[in-house]
Amino acid sequence: MFSGIVERIGRVERVTRRAGGDATLRIHAGFAGSPAPGASVAVNGVCLTVERSEGPVFEATAVPETLKRTTIGELAAERRVNLERALRVGGEIGGHWVQGHVDAMARIASVRKSGADVIVGIEIPEELRAYVAPKGSLAVDGVSLTVASWSDPRAFVALVPYTLERTIASEYEPGRAVNLEIDVVARYLERLLEARGVLPEPRGAGAGGDS
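Take the sequence shown: its position 99, counting from 1, is numbered 126 in the numbering used here, and each next residue is one higher.
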C-alpha cells in the first residue's frame, strides 16, 4: 500500500528483456537506505517487488501482463520515473490509499498554464469514467491528485509547482500515456452495491502490479 506521495524521481539505468517476456528494471533510486529484497516499490504507480539492491540502485522484474497494460512496458534507459516505497505502520498518509494496481493506461489530452500551476486534462477510459468525481482522488503515475473538474470524458487536475518539481509531471504533454488507478474507496462502494443487488454485475477494474 502507498500514499501517492512520490519520494524520489528515479532514473532507469537498464531494461533487460527475459525469456518468457519478463523485463528486469535496474533503477537508480537514491533512497535514504537501500530497499531490502522483497520490499515493494511503486514505479510510476505500479507496485513492483525489489529482487536485488546495492547502494542507490535496485532491480525489479515486471511480468508480461504488467508490461502490456501499464507504461512500464515503454520504459528504457535514462527515463525518469516516480518512486515511492510502501507505507509503514504508523507512517503519514499525505495523499490517499494507493494500491499500486493500475486500472488502465490513459492519455494526456491537454496541458495549459494557469499562473504558477499547470492544468492537465486526462482522457479517462470509458470503463473507468463512473469512478471519477470532482474533488475525488486519482493516482496518476503513482501521484495522488485531486480531480479539479470533470468534462466527460476528461478529468482535469491542477499540478502545483511542488508537484511539478518533485515528480515526472513536468514532462507531460498531449498524447503521453500515464498509469491510472482509481480510488480504492470507489471499488469497495461498488462491491457493496453489487452485494446488495443494487448493481447487477461487476464493471471490471484492475490491471497492473506484480506484488
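Here a beta-carbon is modelled for each residue, glycine too, at the ideal position from N, C-alpha and C.
- [ ] Check whether the Cβ of Ala66 lies closer than 8 Å to any heavy atom of the ligand NAD, and answer yes or no.
- [x] In the structure on display, the ligand NAD does not appear, and there are no ligands present to speak of.
Open item on the list: Rounding to the nearest angstrom, what Cα-Cα distance links Glu86 and Val39 in this structure?
Closed with: 10 Å
- [ ] Please say whether Gly148 and Ala182 have beta carbons closer to each other than 9 Å?
- [x] yes
Open item on the list: Tell me which residues share the same chain as Ile195 and place their Cβ nearer than 6 Å to its Cβ, disregarding the 5 neighbours each side in the sequence.
Closed with: Arg107 and Asn109
Task: Distance between beta carbons of Asn71 and Ile36, contact taken as under 8 Å - done: Not a contact, Cβ separation roughly 11 Å.
Task: Option in Glu192, Asp168, Pro227 and Pro64 with minimal Cα separation from Arg203 - done: Asp168
Open item on the list: Going residue by residue through the stretch 154 to 193, where are the continuous alpha helix (DSSP H) segments of at least 4 residues, counting only ones entirely within it?
Closed with: 188 to 193
- [ ] Could you tell me whether the Cβ atoms of Ile146 and Val205 are closer together than 9 Å?
- [x] no
TODO: Report yes if the CB atom of Phe29 is closer than 9 Å to the CB atom of Glu153, and no otherwise.
DONE: no
TODO: Please report how far the alpha carbon of Glu186 lies from the alpha carbon of Gly122, in whole angstroms.
DONE: Glu is not the amino acid found at residue 186; the sequence shown has Leu there. Each residue's alpha carbon lies about 14 Å from the other.
TODO: Use the C-beta contact count for Tyr215: other C-beta atoms within 10 angstroms, 16 or more gives buried, fewer gives exposed.
DONE: exposed
- [ ] Leaving out five residues on either side along the sequence, give the residues of the same chain with a beta carbon under 6 Å from the beta carbon of Ala242.
- [x] This structure cannot settle anything about residue 242, because the visible part of the chain is limited to 28 through 238.
Task: Selection from Thr173, Ala157 and Phe58 that minimises the alpha carbon distance to Pro83 - done: Phe58
- [ ] Going by CA-CA distance only, name the one from Ala222, Asp179, Pro161 and Ala104 that's closest to Asp210.
- [x] Pro161
Open item on the list: For Val129 and Tyr199, which I take to be in contact (beta-carbon distance under 8 Å), what is that distance rounded to the nearest angstrom?
Closed with: Not confirmed; about 17 Å, so no contact.
- [ ] Compare the Cα-Cα distances from Glu34 to each of Thr173, Glu150 and Thr190 and report the closest residue.
- [x] Thr190
Task: Coil, strand or helix - Arg218 by DSSP - done: helix
Task: DSSP beta-bridge partners of His55 - done: Arg38 and Val84
Task: Within 9 Å, strictly: CB atoms of Leu94 and Gly47 - done: no
Open item on the list: Between the alpha carbons of Leu75 and Ser164, how many angstroms are there, rounded?
Closed with: 22 Å
Task: Reduced DSSP category for Gly100 - H, G, I as helix; E, B as strand; rest coil - done: helix
Open item on the list: Can you tell me whether Ala204 is helix, strand or coil according to DSSP?
Closed with: strand
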